[in-house]
Every structure is written in C-alpha cells, then in structure tokens.
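Colleague: Numbering (the working numbering), first residue to last: 616 to 1188.
Pasting in a structure now, in structure tokens, and then I'll have a few things to ask.
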C-alpha cells in the first residue's frame, strides 16, 4: 500500500474505532480530518473545512427546523391521537395504529423525538387496559363466588333441614355454603388457586402486550425514517456522498426519486414487522387479536382505553391558528419537494430556474425557504383590539411571536449531526484525493464473478450486523465510499450497492444501544435485552430480504441499476 493511501487508511481506521467505542464523542471524532489530513499532506485545511457545510447539511437543517415547529405546536400529537381514534384499541389494530402513526411521524421528524412522544401515549393506553382488565376480572370473581356460595339443590323428600342456614323453598333445598363445614375448606383452596392462576395469566398477557407495544414503537420509528430523504441521517449521507463522489450524476438522488424507491420498501417492512410482533406477543389467535366475538367485559375494557385516547385528544382543544399555519407550510414543503424534479415530467425548478448544466435550486433551497417563513409568519393575531375592549385604554401594539423562535431551534437542533455529516464527506474526499478509493477498488475486482443479488444480500447482512454496534451515520459514512469504489472497479452501478447499504444501516433492531429509539423504550423497564434480541433478529433477517428484493425489482427499473452509468466512470475508461 503506497504511503499516502496508507495514511488515509490509518485515519479511517482510527475514526472507525473511535466511533465504535465512543472513546471520543461522535461529533468530535468527525472533526479529526480537519486536524489529521493537513498534517499528513492529504488535503489542505481550506479544502477539508469546505466539506463540513454542504448542500446536504442545509437540507438537514431545513428539514429539522420544520420538525421542530411541528413539535413546538404539538401538531404531531394531534395527528397521532386522531389516527389512534380511527384504528381503535383491539390488540392487533392498536398495534397497527401505533406503528402507522410512529412510522408516519418519523418520516418527517426525528426518530428519537417520535419515539419519545409515542411511548408515554402507549403507556397510558396500556395502563388503562390493564386496570380495566383487573376490574373486569374482579367482577367475574365476585359473581363466581356468589354462585358457589348459594347452591340451589332439589330437596330429598325424606330429608329434613338439619343445619341453621338451610331452607326448603317450593320443594327445593337452598343451602348457604358458608354454613357447611365439609365444603368450605376445599372450595376456599380451589378459589385461591384459581385466583392466583387467573392473576398470573392477566399479568403475563399484559406484559406481553406491553413488550409488543414498546417494540412496535421503536421498530416502526426506525422503519419509517427510511421512507423520506430527510427521515433519517444515513439517507442524507448517501445523497451527499453520491454528489461528492460522482458530481455529474444529475441529481439522481432527490426527494421524489428516494421516496419512490424507499416508501414501498418501508410499507412492506412495516407490514412484516406488524405480523411478526403479533405472532410473537399476541399469539396465533388472529380472531381474538382483532376483537371478533369479544365478551361484553372485553368490549367494556376496550371502550375504557378508547376513552383515554379520546380524552387526551379533547385536551388538545381545537386546532389553533399556529397549528393550521404549520400544517399548511408542511404540506407546501412536501408538495414543492415532490414537484421540484419528479422525473416523469419537468419539475418547477427545471422550468423556472435550472438548466441542463447547472441545478441552481435543490431540495435544500425548498427546505430553507419554508424554514425562513417559520421565523416570519405570526403564530396568532394581535391582542390590541381585545385589550382595548376590556380595559377601555388603547394598549401598545405588540406583534404576536413568530411560529418558530431561534432559542428553541438552538435547544432542540442536534448540531452534532451536522459535524457527523461533514466528517463523512471529508473522509470520502480524503480517500479520493489520496488515491485510497482507487486502490481499494482495484483490490475488490474479484467480486465481479459473484452474482449481483448475492453481493447485495451479503452487503445488507454485513451492514445490518455492523449497525447494531455503532451509529448508523458512522456506518454509512465508513462504508459508502468503499462500496462506491468497489462498484466502479467491477463496472457495477454504484447505487446498486450504496442504496441497500444505506437502508440496512437503519435495521438496528436487536440491541438497546443500537439506536436512540431502542434505548428510550428499553429505559421504561418492561423489556429485557433478550426480548429485543429475539424480536430484532427475525426482523433484521426480514429487513435484509426485503431490501434485497427491493433493489432487484422496483429500484432496478427506477434507477436503471442494470447498466453502468456514464456519471459513475470517474477514470474515463
């Protein structure tokens, strides 16, 4: 290995170790190229620093500002509760409701924020379900004891009442069992044993449903994040790396193209996760899971849980002026993203601003346009006229606050991700400048003989395993440049290996430390590591198979993955 390439490889290995062990904070590790690349004569300081604030970083900041506005005005909670009111509280439908809501919200706001909001709602619903079940069980036991305490028997004609507490009514013998000494002992022992078993069954059922509910939230937040370009950071890492490594790609990865590929993948994986969690924690009784033929007590229990959700929704009141504004801006943002460069017809950006050679307007432009509006538009109307009517004195005019305040943005914005993104771009650029990418590509040419679907499957498996131990951002940052070089060396479309790598980085289902949503649900104390590992292992396999299927079917036709594109030929050969 030549000296320059070896030095760059050393920096990559050092950063990989620090990212895996978290010996330094992730963001601090991401700053190492600024220090080491100039000292090793790989890149000068100016060029390295330019990698830390690119178009992708601006897209990330704009998307997060929109998410912060949604959280600030509780629009996400309103959406969540409305959907849960629609799906209902039958076990399987309740599970589906929480998964759909969580996945949808994590498409637009951070996975961590979505999980942190949804878990308390789920806990409240589960507590009410458990309380209602215990109350219903108590009523059943009282009824059962009453039936056992008073037995209606036919009186033998030759027998007279022998004990106090026995009466003959209409030829029937009525006996209070509490006065019959030989029946009391056996009945009492049987009742206590039955009650203990019944309580154990209720607690086990509640614990299983609680585990399934907790896992469904953290899993669906990770799954939902893959559907949109701004849904989770690895998606933005991919876009940035593709634009950095292949500048002539023509903006092949944009919001619309990514959504067309990733959204169907997300839907398939979400359905598989729902079915698997049903089987694991609700059992195979699908009739019972969907509430078919439920007893009156069970229906009453479901109604009480439904009332909890209804009450939470009522507490929010009517939609405020600010919520309506944020909702309109959110819809406008999504529409502008989709129609900028839809692919099947010229988008508004092409018609109005861009030309064949230069893309002046990108997804980041749209995100920042909407974000700036959040700081301009008022969150309500002035109270001046109302104050004057109440006091009779003309009050000093005070403009209502804007929809978003910079102090709030400073507090809630995960600034460390900006440095993580920049560190990844700096590594990719350093690998290219030093020649390490070309050297790695030449060493990986034997992979050309392996069938392409097998390559995709093995890479998905590798990344899904690796991301359990380290940050998904660090995983994609480390692997994407290497995979791009490998694809170029074997004349394979780089997206064929980069797309599955990016999606697989979100398959962090097995360990609490794998991703923040897992850690949040684990902190509530209902899950053990083995519970998450057991459920996550199967889901990881399902995820790898789903992504492999996606990359060889609809993604192949969408991105023309069967051909080696001209923009990927950096050597010109």
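Glycine included, each C-beta is placed from N, C-alpha and C at the ideal position.
Please read these numbers as outputs of a predicted model, since none were measured by experiment.
If we ignore side chains and look at the alpha-carbon of each, how far apart do residue 1022 and residue 672 end up?
Modeller: C-alpha separation (whole angstroms): 20 angstroms.
Colleague: Just verifying my parser: in three-state terms, what is the DSSP assignment at residue 632?
Modeller: Three-state DSSP puts residue 632 in a helix.
Colleague: So which of 853, 655, 1182 and 739 has the shortest CA-CA distance to residue 597?
Modeller: Residue 597 lies beyond the residue range present for the chain, which begins at 616 and ends at 1188; the question has no answer from this structure.
Colleague: Might you give, ordered along the chain, the residues of its own chain that have their beta carbon closer than 7 angstroms to the beta carbon of residue 634, omitting 5 neighbours on each side?
Modeller: Same-chain partners within the cutoff: 641, 644, 1085, 1086 and 1089.
Colleague: Give a yes or no on contact between the stretch 946-958 and the stretch 930-937, applying the rule of three or more CB pairs nearer than 8 angstroms.
Modeller: No: the two stretches stay apart, fewer than three of their Cβ pairs being nearer than 8 angstroms.
Colleague: Residue 737 to residue 821, Cα distance in whole Å?
Modeller: Approximately 13 angstroms between the Cα atoms of the pair.
Colleague: Which residue spans inside the stretch 631-660 form an unbroken alpha helix (DSSP H) run of at least 4?
Modeller: Fully enclosed alpha helix (DSSP H) runs of 4 or longer: 641-645 and 647-654.
Colleague: Please report the straight-line C-alpha distance between residue 814 and residue 688, rounded to a whole angstrom.
Modeller: Going from the Cα of residue 814 to the Cα of residue 688 covers about 42 angstroms.
Colleague: Rounded to a whole number of angstroms, what is the C-alpha to C-alpha distance between residue 890 and residue 1163?
Modeller: Computed Cα separation, rounded: 20 angstroms.
Colleague: Which class does residue 1066 belong to by DSSP, given the choice of helix, strand or coil?
Modeller: Three-state DSSP puts residue 1066 in coil, outside helix and strand.
Colleague: Would residue 984 and residue 871 qualify as a contact pair, given that the criterion is a beta-carbon distance under 8 angstroms?
Modeller: It is not a contact, given that the beta carbons lie outside the stated cut-off.
Colleague: Since residue 1182 and residue 670 are thought to touch, with beta carbons under 8 angstroms apart, how far apart are those beta carbons, to the nearest angstrom?
Modeller: Wrong, their Cβ atoms sit about 17 angstroms apart, outside the cutoff.
Colleague: According to the neighbour-count rule (16 or more other Cβ atoms, all chains shown, within 10 Å of its Cβ), is residue 1026 buried or exposed?
Modeller: By the 10 Å Cβ count, residue 1026 comes out exposed.
Colleague: For residue 693, which residues of its own chain have a beta-carbon under 8 angstroms away from its beta-carbon, when the five flanking residues on both sides are left out?
Modeller: So the list reads 928, 931, 934 and 938, once near-sequence residues are dropped.
Colleague: Applying the criterion that 16 or more other CB atoms from any shown protein chain within 10 Å of the CB defines a buried residue, is residue 686 buried or exposed?
Modeller: Buried.
Colleague: Quick check on this structure: which residue in 1042, 1107, 1143 and 818 has the alpha carbon closest to the alpha carbon of residue 1061?
Modeller: When only C-alpha atoms are compared, the closest one is 1107.
Colleague: On a Cα-Cα basis, can you pick out the residue from 1142, 1135 and 1042 that is closest to residue 734?
Modeller: Nearest option by C-alpha distance: 1135.
Colleague: Note down the Cα distance separating residue 710 from residue 1169, rounded to an integer number of angstroms.
Modeller: Cα to Cα, the separation comes out at about 29 angstroms.
Colleague: Do residue 730 and residue 833 have their beta-carbon atoms positioned less than 8 angstroms apart in this structure?
Modeller: Yes, the pair counts as a contact, with Cβ atoms nearer than the cut-off.
Colleague: With a Cβ-Cβ cutoff of 8 angstroms, do residue 674 and residue 859 count as a contact?
Modeller: Result no, Cβ atoms of residue 674 and residue 859 do not sit closer than 8 angstroms.
Colleague: DSSP state of residue 842, grouped into three classes?
Modeller: Three-state result, residue 842: coil.
Colleague: Could you check if residue 1146 is buried or exposed, using at least 16 other CB atoms within 10 Å of its CB as the buried criterion?
Modeller: Per the 10 Å Cβ criterion, buried.
Colleague: Are the stretch 839-848 and the stretch 714-721 in contact at 8 angstroms, needing three or more beta carbon pairs?
Modeller: Counting Cβ pairs under 8 angstroms, three or more are found: they touch.
Colleague: Restricting to runs no shorter than 4 residues, where is the alpha helix (DSSP H) found entirely within the stretch 1102-1160?
Modeller: Fully enclosed alpha helix (DSSP H) runs of 4 or longer: 1109-1119 and 1131-1137.
Colleague: When burial is assigned at 16 or more other CB atoms within 10 Å of the CB, is residue 657 buried or exposed?
Modeller: Result: buried.
Colleague: If you draw a straight line from the alpha carbon of residue 1096 to that of residue 665, how long is it in whole angstroms?
Modeller: Computed Cα separation, rounded: 18 angstroms.
Colleague: For residue 735, which of helix, strand or coil comes out of DSSP?
Modeller: Helix.
Colleague: Identify which residue in 1045, 1044, 1101 and 964 has its Cα closest to the Cα of residue 1063.
Modeller: Among 1045, 1044, 1101 and 964, the Cα nearest to that of residue 1063 is on 1101.
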